[in-house]
Amino acid sequence: MKIDRRCFLSLGIGAAAGTALSPLPWKLMDDASIWTQNWPWTPVPPDGEISYTDSTCTLCSGGCGITVRKIDDRVVKIEGRENHPVNNGGICVLGLSGTQLLYGPTRVKSPMKKINGTFQKITWNQALSEITEKLLTLRAEGRSHTVAAIAGSSRGTVSALLQRFLTAYGSPNFYCQSSIEDSFSLSHIQPQNNKTIPGFDLENADYVLSFGTGIIDGWGSPVRMIQASNAWKTKNLKLIQVEPRLSDTAARSDEWLPSKPGTEAILALGIAHVILQESLYDQAAIDYHSEGFVTWRTAVLGHYHPDKVAEITGIDAKTIFTVGREFGQAEKPVAICGRGKGNTPVSVAEMSAIHALNVLVGNVNKKGGVFTLPEPNYISWPEISFDTKAETSLQTKQIAEGGLLHRLPSAINEAEDSVTLLFVADANPCYTLTDTKEVIRAFKKIPFKVSFSSYMDETAKLSDLILPNHSYLERYEDVPVTSGLRNPVIGLTKPIVNPLFQTKHTGDVIISIARAMKGSIESSFPWKNYYQCLKNGLGQHWNPLLNNGVVEITYIPEFEEIPRFAFQIPNDKPQVLLEGNENKMDLTLIPSDSMRLSSGYIGAPPFMMKTIPDTILKDNNTLVQIHPKTAEKLELKQGCYAILKTPRDEKKVKIHLSQGIGEDIISFPRGLGHTAYDSYLAGKGINFNELIGPVEDPFSGLDVAWGIRASLIKA
Amino acid sequence: MTQEYRKEKKYGMVIDLDRCTGCGACMVACMAENNVPFRDNETDKLKSITWMRIYQLTNGKSYPNEEICYLPRPCMHCEGHNGHSPCVTVCPAVATDYDRETGIVSQIPTRCFGCRYCMAACPYHARYFNWWDPVWPEGMEKSLSPNVSPRMRGVVEKCSFCFHRYQLAYEKAASEDRRELRENEYQTSCTQACPAGAITFGDLINKNHAVYKIKKDPRAFRLLERLKTNPKIYYLSSREWVRRAGDNYHPEEETGKIKSHQ
Amino acid sequence: MDSAFIPEGVKRCPFPQFLAGLGLAGVVLAWGIFAMLLCWLKGLNQTNMNDSYGFALWIWADLAVIALGGGAFFSGFLKYIVGKDELKNIINFAVLIGFICYSSALLILAIDIGQPLRGWFIFWHANVHSMLTEVAFCLSCYFGVLTIEYIPLILENRQIDKIPFFHNLSHNMHEVMAVFAATGAFLSFFHQGSLGGIAGVLFGRPFAYREGLLVWPWTFFLFTWSAAAYGPCFTIFLIKLLEKITGKKLVKDNVIDLLAKISGWMIFTYIFAKIIDTWYWAVVTVQSKGQTLMDFYDDNMFYGLWILVAEIVVGGIFPALILLTKKGRNSASLLWAAVILACLGVCINRWVMVLQVMAIPVLPFEDWALYYPSWQEIATTILPVAYGVILVMISYRYLPIFPQEKELNPIESH
Ligand SMILES: Nc1nc2c(c(=O)[nH]1)N[C@H]1C(S)=C(S)[C@@H](COP(=O)(O)OP(=O)(O)OC[C@H]3O[C@@H](n4cnc5c(=O)[nH]c(N)nc54)[C@H](O)[C@@H]3O)O[C@H]1N2
Ligand SMILES: Nc1nc2c(c(=O)[nH]1)N[C@H]1C(S)=C(S)[C@@H](COP(=O)(O)OP(=O)(O)OC[C@H]3O[C@@H](n4cnc5c(=O)[nH]c(N)nc54)[C@H](O)[C@@H]3O)O[C@H]1N2
Ligand code: SF4
Ligand code: SF4
Ligand code: SF4
Ligand code: SF4
Ligand code: SF4
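Chains as they are written, first to last, in the working numbering: chain A, 3 to 717; chain B, 586 to 847; chain C, 73 to 486.
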């Protein structure tokens, strides 16, 4: 048959029409759409049995109770635990993002050893024998004291085990991050010389005078503080916020006193002046805490008249009088301090000036007031046994004088080989210590660094050996909480899931290293494993803790037990001065804290990063807040780039104009600028700690820098 | 699920702006509950999916008289006039719907074909488009909840009032032979997480639910009330400037006078 | 080379020159196709659209191209229904332009949606309340009609026409074309209208929202009216442009004059209605939402009041006045000015109804959102232009688009 053109065309058209009328194209269309609804690269979470387990959050010092929702053996959601003494169902952005830390790409999945600059997986046996050999060699060489350790906190069994190990081994070089609690304790140094901690009964107060304290920006136990601040709303409590910046706390206060930065102590003394002058103080309290009162009173009345204070602080005299009277006349007034999240100490002079207000109105160790509590020493272990080696090397001086962590980097930078081996647990000093560049320089000088981090943080990244801990959702551990609470609380973390990776509990690692050391060190660690050590150490608290997940250590001191407060005569300048030359750098740089940014040793997980406003972070740029008038002077505009210079470093920042900050002040968000962790966090913004260095309190030696001089130049 | 007739409900929220601290817990509680994806750079807020978003409002005054108020914004689950929500009426493919049983505006990602007309219609910017394929780094997909399907690229998503929680609660009640839910049986993830207790959730037309009473507080207002979107989120604020920021007003107009569809 | 395919009695440029032209347009087309594939394969993250700008450049291009393509349905309406027989001389070209505009619009929609493979849900799961549903149905149907109107034109190609089957088919189709044209006109009224309705029904967006008649907001009627008014100007513009490029007169002046005059009256009446609509909206609708006219214009470097003036006065009143006067229509430069301003006017209107709507904050505490398109958006928006150029080139070369060409350009020898 001959197919001519006409026939061909007819056939073609017929075929096309036939196909169109057949089910084929419709079926294909349908299949295509179904395919888009089931793209294999979009995960389908498997279903399973739902269960809920209670535990404790360790991601900040807040110690909230959590309830973890699982589907079979997967953790899918972390919620606040109802009826928990700390957080009663509430939770914060970081606590909620815990699942992302558990499953995230930042986990260190097995012991790692740095070989020629890159990490390689090793077995636990290799790791442990390597570290044991090193420790034995150093000990044999009589260099036990060159082994140092940094822990995130001084409390809890893991920190205590590490300290115990160092002590038994013969090193006095155990260091912790210092915090506002150290300032409190130091300003209460008394004849009995016991460490004290503050307890705040803020729920029952009726007038809160806060000197820069970020009550809802992450101070104390953050969730509890937010809850307390709302209890105040319904009770008509008055909150007065003294702070140079309109922080979220200032924004919610009844009155914001925008003091000049660093003048908090002077304002407190001005308020004390009003209380003294108008005899609004509590005579009984003064009779008890009488030490130094008379001289102090003369000094305050003589030098801190509100008119004069007004000039220095920028808060007018009338307001000082009003606040002084209100504070003196309130039933349960409380003055609190510790800037922002309260993770950095304040000077003893400042703490004393502010706490003197509490003492004056007699609101110490009373309902609705401040409590001076003994350290919750709840761990009972047998005495450490020492051999002579340990005894002698323990006599060597601490590398960082006074055991102050911030002095460690410069000590190492100055004296070669002062530290030959460093352990770091639950801390990230290469990010959180100020003058970060110097810290990293010091860190690099240490021949062998061991990190226990569960996550690849800045410090772990610079270490030679990582002995990854289980994540907090995979392990047992006690979680002591003191910050900002009325009574200390001990929480317990539980293994919600079996360890996902080749990790090991830091407690177990320390115990097995100790046991491998033999002799007196071994006998100082008479436990099979960490679990047994925890259980034995907690004694009477163990069963309630295991059953309820939390115990409250209620302790009401007898009146005579209350440490007597010593009024100290303020020197001419109770202000902590700023580093830097006023003439060259005429701006003041201060950090700002926010609930939505994690500034501690845990970096913000992806969910948290999503909550950060673009007025703080835009692409990879940190935005600093300045007043429009400051901007005008410096010819800066909203959103433009500028070079921010401080005596320590200089960085390119973006400008955000704000009416929430005074002139000549730069506010800088704390918690950005990580270089480690994952792509969701690393390289975003600038780490505030790089721009600032330690400024020591002449009295305590603590690093009490609250800001630094700076300049801004249009880039 | 039983097909029996259930009493009509109008689930809604009252958010107390006097209590909200702007902490962001509601945002993350929502992300974690609803498998919201995340990306390396989330600083372009016009491309960042946050079913719950927190606005920072200021009173516009200069230092030191500036005031700040945080305003959490989930989907308003607008009822419009008789169920004609701004977004639902425009969706050409019925991929979003007003559920008359619960008053919840649903979003069906597998039906949505991504025309984004609903986004244009929503004055609250409560709708988000999946500009990218959602990607979870290896291992992190383990944290995904099976109760809410992850969405694919090219579709719109938004706050569902945690509808799956309603379904789970309802199934549980049904298994106990109850046809009505108790107030505390169905609560949204953001409500539950808020440390400030700023969010109250419940049935706006049930006299026994807390929201029924609180929404009558003299501090109460709704966003853009005069557009007749008839939202189911009420806000409370004791500050006049905040209430004023909730809608557009002529200078001489007073707040609290505009009432529509209550 | 291809002379066997070229209509008899007309002269065309040498084949290599034609090919070069095609190649040039082809390069642009390829660039557009590349961008289109990127959007399909990688998703709409290739654009600069965002959650504030869910509708952007494309949708504007879509609306603009459909408004400009309005010449097709309106000429059809005038010729077949009103009985303006002179218009038979441009109807082919009007249909061609309509076909290009509408097929482009459909292509743009297919790129614009996030899930192109589910695009058909709009038909299968149709929501009768949605203006977009109405658009989809009318648009697709009218595209079908345009195809049917375009086919006989193709069949008139010299070689195809030689086949008796096609010859007869073509003849028969011409017989019934009036019915299709009438259907097309009817469909067009609706989809032009529903495109206007898209913005007008947005009661959450006071800038776009309009009251109206029955289920249709005033923008529904204004869009239809404006497409009918401005579409012919685009047809005239393209004829004039083609005449400039080919250096030949293709349509007689009386035909252009008639179309221009009708267009003038249409623009005049439309702009009158538009002014009343704007005035009512500004003093009644907007006020009732707690806002004032200047809320939508003042705050921003881009969307100043100038855009309203440009749309109504420069792109509306000016061309209307020119086209209404004989002197204006007869002056070549004034006619050029009129049709260009008119095209700009309607494009600004569509821009405002899409992009300005997205830019304006509704919540008092939000800011204006501005956006600039990515190259992928620009490339895919230019793609239809290149495609249109190619289709016009081919059609003009091989099909008797302009029945008067032979008469106006007699050729001495073959
Ligand atoms: N209450 C209520 N009823 C519903 C619905 C609803 O939402 N609520 N939805 C309706 C809809 S849309 C649907 S599709 C139906 C679904 O209803 P069903 O088809 O009953 O679906 P399932 O109960 O999910 O699964 C059926 C069984 O298949 C088993 N199974 C799983 N994999 C396999 C396999 O590979 N081989 C075999 N042989 N068995 C397997 C599962 O263990 C389960 O027991 O339910 C309908 N009924
Ligand atoms: N974990 C898990 N996931 C599953 C399944 C499973 O067994 N387990 N089953 C899968 C299966 S088989 C199916 S079919 C899907 C079902 O998945 P979905 O379709 O998501 O399920 P539904 O919850 O039944 O319906 C979703 C929404 O549709 C709304 N709706 C009800 N009627 C209408 C209407 O007329 N119009 C519109 N626009 N909306 C309406 C409801 O209010 C509800 O919000 O789930 C799938 N996913
Ligand atoms: S406040 Fe601290 S302890 Fe509480 S949930 Fe948040 S991170 Fe965890
Ligand atoms: S807030 Fe927006 S998305 Fe939610 S119901 Fe209203 S219009 Fe729809
Ligand atoms: S984007 Fe999806 S939900 Fe929104 S209107 Fe289009 S199809 Fe409907
Ligand atoms: S109600 Fe549920 S879905 Fe909506 S914002 Fe809250 S948590 Fe998210
Ligand atoms: S969780 Fe509560 S307090 Fe925090 S931002 Fe949300 S609503 Fe406000």
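Glycine residues also receive a C-beta, built at the ideal position from the N, C-alpha and C atoms.
From which residue to which residue does the beta strand (DSSP E) around H86 of chain A run?
-> Translated into the one-based positions of the first sequence, residue 86 of chain A becomes position 84. Element bounds for H86 of chain A: n/a, residue is neither H nor E.
Find the nearest neighbour of E438 of chain C within the set B:G782, B:S670, B:Y755 and B:L656, judged by alpha-carbon distance.
-> Translated into the one-based positions of the third sequence, residue 438 of chain C becomes position 366. It is B:L656 whose Cα lies nearest to the Cα of E438 of chain C.
Go ahead and label V697 of chain A buried or exposed: buried means 16 or more other beta carbons lie within 10 angstroms of its beta carbon, across all protein chains shown.
-> Residue 697 of chain A sits at position 695 when you count from the first residue of the first sequence. Classification for V697 of chain A: buried.
Minimum Cβ-Cβ distance from D329 of chain C to chain B less than 9 Å | Mapped onto the third sequence, residue 329 of chain C falls at position 257. D329 of chain C does not count as touching chain B.
Own chain, CB closer than 8 Å to E51 of chain A, minus 5 neighbours either side, in chain order | On the first sequence, residue 51 of chain A is found 49 positions in, with the first residue counted as 1. So the list reads I73 and D74, once near-sequence residues are dropped.
Could you tell me the boundaries of the beta strand (DSSP E) in which G106 of chain A lies?
-> Translated into the one-based positions of the first sequence, residue 106 of chain A becomes position 104. Here G106 of chain A belongs to no beta strand (DSSP E), and DSSP marks it neither H nor E.
Can you find a heavy atom of ligand 3 that lies under 8 Å from the Cβ of P224 of chain A?
-> As a position in the first sequence, residue 224 of chain A is number 222, starting the count at 1. At least one heavy atom of ligand 3 is nearer than 8 Å to the Cβ of P224 of chain A, so yes.
First and last residue of the uninterrupted alpha helix (DSSP H) at M2 of chain A | Residue 2 of chain A lies beyond the stretch modelled for chain A, which goes from 3 to 717, so this question has no answer here.
Taking 8 Å as the cut-off, does the CB of N345 of chain A come closer than this to any heavy atom belonging to ligand 3?
-> One-based indexing of the first sequence puts residue 345 of chain A at position 343. Outside the cutoff, so no.
If you compare alpha carbons, which of A:P449, A:I468 and A:F450 is closest to M458 of chain A?
-> If you number the first sequence from 1, residue 458 of chain A lands on position 456. The residue with the shortest Cα to Cα distance from M458 of chain A is A:I468.
Applying the criterion that 16 or more other CB atoms from any shown protein chain within 10 Å of the CB defines a buried residue, is S473 of chain A buried or exposed?
-> Counted from its first residue, the first sequence places residue 473 of chain A at position 471. It is buried - the Cβ of S473 of chain A has at least 16 other Cβ atoms within 10 Å.
From P236 of chain C to H246 of chain C, what does the alpha carbon distance come to, in whole angstroms?
-> Numbered from 1 along the third sequence, position 164 holds the residue referred to as residue 236 of chain C. Numbered from 1 along the third sequence, position 174 holds the residue referred to as residue 246 of chain C. Each residue's Cα considered, the two are about 15 Å apart.
Does the distance from the C-beta atom of G214 of chain A to that of G342 of chain A stay below 9 Å?
-> Residue numbering aside, residue 214 of chain A sits at position 212 when the first sequence is read from its first letter. Residue numbering aside, residue 342 of chain A sits at position 340 when the first sequence is read from its first letter. Contact flag set, yes.
Short CB-CB distance (under 9 Å) between C700 of chain B and chain C = If you number the second sequence from 1, residue 700 of chain B lands on position 115. C700 of chain B counts as touching chain C.
Taking a cut of 8 Å between CB atoms, which residues from the segment 710-734 of chain B lie near chain C?
-> H710, R712, Y713, F714, N715, W716, W717 and D718
DSSP bridge partner residues for G597 of chain B (one or two, in chain order) = The count along the second sequence starts at 1 and reaches residue 597 of chain B at position 12. DSSP, once it has assigned bridges, lists B:G787 as partnering G597 of chain B.
Below 8 Å on the Cβ atoms is my guess for V675 of chain B versus Y683 of chain B; work out the distance and round it to an integer in Å.
-> As a first step, residue 675 of chain B must be located in the second sequence, where it is residue number 90. As a first step, residue 683 of chain B must be located in the second sequence, where it is residue number 98. Between Y683 of chain B and V675 of chain B the Cβ distance is about 12 Å, and since that is not below 8 Å, they are no contact.
How is T773 of chain B classed by DSSP in three states: helix, strand or coil?
-> For the purposes of this step, residue 773 of chain B is identified with residue 188 of the second sequence, where counting begins at 1. Coil, per DSSP.
Min CB distance F127 of chain C to chain B below 9 Å | Counting from one through the third sequence, the residue named residue 127 of chain C turns up at place 55. Yes, F127 of chain C counts as interfacial toward chain B.
Considering only residues of the same chain and omitting the five flanking positions on each side of L659 of chain A, which have a CB-CB separation below 6 Å?
-> Counted from its first residue, the first sequence places residue 659 of chain A at position 657. P630, A633 and Q640, listed in sequence order.
Cβ of M616 of chain B within 9 Å of any chain A Cβ | Along the second sequence, read from residue 1 onward, the residue named residue 616 of chain B stands at position 31. Closer than 9 Å to some Cβ of chain A, the Cβ of M616 of chain B qualifies, so yes.
For L310 of chain C, the three-state DSSP class (helix, strand or coil) | Counting from 1 along the third sequence, the entry for residue 310 of chain C is found at position 238. Note: L310 of chain C maps to helix in three-state DSSP.
Along chain B, which residues have their Cβ under 7 Å away from the Cβ of I185 of chain C?
-> The count along the third sequence starts at 1 and reaches residue 185 of chain C at position 113. Result: F698, G699 and C700.
Kindly indicate which residue of A:A717, A:T394 and A:G486 has the alpha-carbon position closest to the one of I182 of chain A.
-> The residue labelled residue 182 of chain A in the question sits at position 180 within the first sequence. Taking only the C-alpha atoms, the option nearest I182 of chain A is A:G486.
Closer than 8 Å: H662 of chain B CB and nearest ligand 4 heavy atom | Stepping through the second sequence from its first residue, residue 662 of chain B is reached at position 77. Checking the Cβ of H662 of chain B against ligand 4 gives yes.
Go to C559 of chain B, then tell me how far its alpha helix (DSSP H) extends in each direction, as first and last residue.
-> Look at the range of chain B in this structure, 586 to 847, and you will see that residue 559 of chain B is not part of it.
Report all residues from its chain with a CB closer than 7 Å to the CB of A197 of chain A; omit the five preceding and five following residues, and keep chain order.
-> Translated into the one-based positions of the first sequence, residue 197 of chain A becomes position 195. It should be pointed out that residue 197 of chain A corresponds to Lys in this sequence rather than to Ala. Answer for K197 of chain A: S187 and E377, listed in chain order.
Looking at T58 of chain A and T505 of chain A, is the spacing between their C-beta atoms short of 9 Å?
-> Residue mapping note: residue 505 of chain A aligns to position 503 of the first sequence, counting from 1. Residue mapping note: residue 58 of chain A aligns to position 56 of the first sequence, counting from 1. Not a contact, by the Cβ cut-off of 9 Å.
Can you list the residues of chain C that L809 of chain B reaches, using a CB-CB cut of under 8 Å?
-> As a position in the second sequence, residue 809 of chain B is number 224, starting the count at 1. Chain C residues near L809 of chain B: G276, V434 and L435.
Measuring alpha carbon to alpha carbon, tell me which of C:S467, C:F77, C:I180 and C:T364 ends up nearest L314 of chain C.
-> The residue labelled residue 314 of chain C in the question sits at position 242 within the third sequence. Of the listed residues, the one whose Cα sits closest to L314 of chain C is C:S467.
Exposed or buried, P735 of chain B, counting other C-beta atoms within 10 Å across all chains shown (16 or more means buried)?
-> Against the second sequence, residue 735 of chain B aligns to sequence position 150. So P735 of chain B ends up on the buried side.
Starting from the C-beta of K136 of chain A, find all residues in its chain whose C-beta is less than 7 Å away, skip the five residues before and the five after it, and write them out in chain order.
-> Against the first sequence, residue 136 of chain A aligns to sequence position 134. Only L423 and F450 meet the Cβ criterion.
Can you list the residues of chain A that Y648 of chain B reaches, using a CB-CB cut of under 9 Å?
-> Within the second sequence, the letter at position 63 stands for residue 648 of chain B. Chain A residues near Y648 of chain B: L248, P260, H629, P630, K631, S660, Q661, G662, I663, G664 and E665.
Nearest to G749 of chain A by CA position, among A:R76, A:T159, A:N379 and A:V552, is which residue?
-> What the structure shows of chain A is the stretch from 3 to 717, and residue 749 of chain A is not part of that stretch, so it cannot be assessed.
Which two residues bound the contiguous beta strand (DSSP E) that contains F121 of chain A?
-> The residue you call residue 121 of chain A lines up with position 119 of the first sequence. T120 to K123 is the span of the beta strand (DSSP E), which, as asked, contains F121 of chain A.
Distance cut-off 8 Å: V675 of chain B Cβ against heavy atoms of ligand 5 = Stepping through the second sequence from its first residue, residue 675 of chain B is reached at position 90. Yes, the beta carbon of V675 of chain B sits closer than 8 Å to at least one heavy atom of ligand 5.
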